[in-house]
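Following: one structure in structure tokens, then a few remarks.
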Amino acid sequence: MQIAQLSLAQIRDLIRSGEGFDQQMRDQLHGDSRRGALKLWRSLQKTKDQRLRAKVRLRDLIAPEKNLRRQGFRAIAGLDEAGRGPLAGPVVSAAVVAPWPCHWLGVDDSKRLTPGAREAHAQRILDEALAFGLGIVSAERIDTVGILQATWESMRRALASMSLRPDHLLVDGPLPIPGVSVSQTPLVDGDARSLSVAAASVVAKVTRDQIMRDLDNQHPQYGFARHKGYGTREHLAALRRYGPCLVHRRSFRGVLERTG
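Numbering (the numbering used here), first residue to last: 313 to 572.
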């Protein structure tokens, strides 16, 4: 097929179909003198470069899991939390056992992803994971035991809700989870270093964001859907005006300073 004989609209349709647009056709497109053809080639090249970077990133992210598999572990769960820092709402933890081999291109630390990408990746993770679990601990419980203990509690709940028992845990952070008999590897910045932990970070973040949107419907004066309970200027102003509600963490300084 000669690219020069096709209209730009036909070329776009061919590219979108994903059928038979091989390297020879890419080279023809690159040599096409039409300005629109050059734009299409640049777009194709950008997509190709992004996919290559994603493959390299995936290779780096599966390194901890690969190392553990060499040691004989198979059901390796990544654990991460969302919501340690906000002034309102729960802390949510997720545990994920990824399939092996795993081809979750684009899955990364949730903080590196757009909201739309997080939603899409979370759905794929939940559909394809060998097992996953969620643990949610309320603001009231956080006030009772403190955020560190509440975070560990949410992680234990996530593990308890899984359909299979992992034989090793990759845990985001510098410390192992107390009260858990499964062998563990704590990873500082684990959500940027391990695919399983990154997947858990995505699921935890998406789950908590939905909870905060639901809480926004119950308490619309605070803007939870926008700031997810973090201490933004908008949130602090609402706290000064309305005081805290039932889902605020009253032991947190940002809340105490505006209620004392």
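Don't be surprised by glycine CBs; every beta carbon is placed ideally from N, CA and C.
Buried or exposed: where does residue i fall if 16 or more other Cβ atoms within 10 Å of its Cβ makes it buried?
i           : result
residue 554 : exposed
residue 411 : exposed
residue 391 : buried
residue 500 : exposed
residue 561 : buried
residue 375 : exposed
residue 384 : exposed
residue 321 : exposed
residue 540 : buried
Rounding to the nearest angstrom, what Cα-Cα distance links residue i and residue j in this structure?
i           : j           : result
residue 416 : residue 552 : 44 Å
residue 419 : residue 353 : 26 Å
residue 357 : residue 366 : 14 Å
residue 493 : residue 351 : 56 Å
residue 518 : residue 442 : 19 Å
residue 475 : residue 543 : 36 Å
residue 546 : residue 427 : 20 Å
residue 534 : residue 565 : 17 Å
residue 522 : residue 512 : 16 Å
residue 496 : residue 538 : 35 Å
residue 308 : residue 459 : This structure cannot speak to residue 308, because the chain is shown only from 313 to 572.
residue 450 : residue 444 : 20 Å
Where do the N-terminal and C-terminal ends of the beta strand (DSSP E) with residue i fall, by residue?
i           : result
residue 497 : 496 to 499
residue 483 : 480 to 484
residue 466 : Element bounds for residue 466: not the beta strand (DSSP E) but the alpha helix (DSSP H), 459 to 472.
residue 372 : Here residue 372 belongs to no beta strand (DSSP E); instead the alpha helix (DSSP H) covers 347 to 373.
residue 407 : 403 to 409
residue 448 : 443 to 449
residue 388 : 388 to 394
Just to confirm before moving on: does the CB-CB distance between residue i and residue j stay below 9 Å?
i           : j           : result
residue 473 : residue 447 : yes
residue 510 : residue 421 : yes
residue 467 : residue 483 : yes
residue 394 : residue 470 : no
residue 527 : residue 400 : yes
Check whether the Cβ of residue i lies closer than 8 Å to any heavy atom of the ligand HEM, and answer yes or no.
i           : result
residue 480 : Among the components modelled here there is no ligand, and therefore nothing to report on the ligand HEM.
Considering residue i, what are the terminal residues of the alpha helix (DSSP H) in which it resides?
i           : result
residue 439 : 427 to 440
residue 323 : 320 to 329
residue 339 : 335 to 343
Those runs of the beta strand (DSSP E) which lie wholly inside the stretch 527 to 570 and span at least 3 residues: Here no run is fully enclosed.
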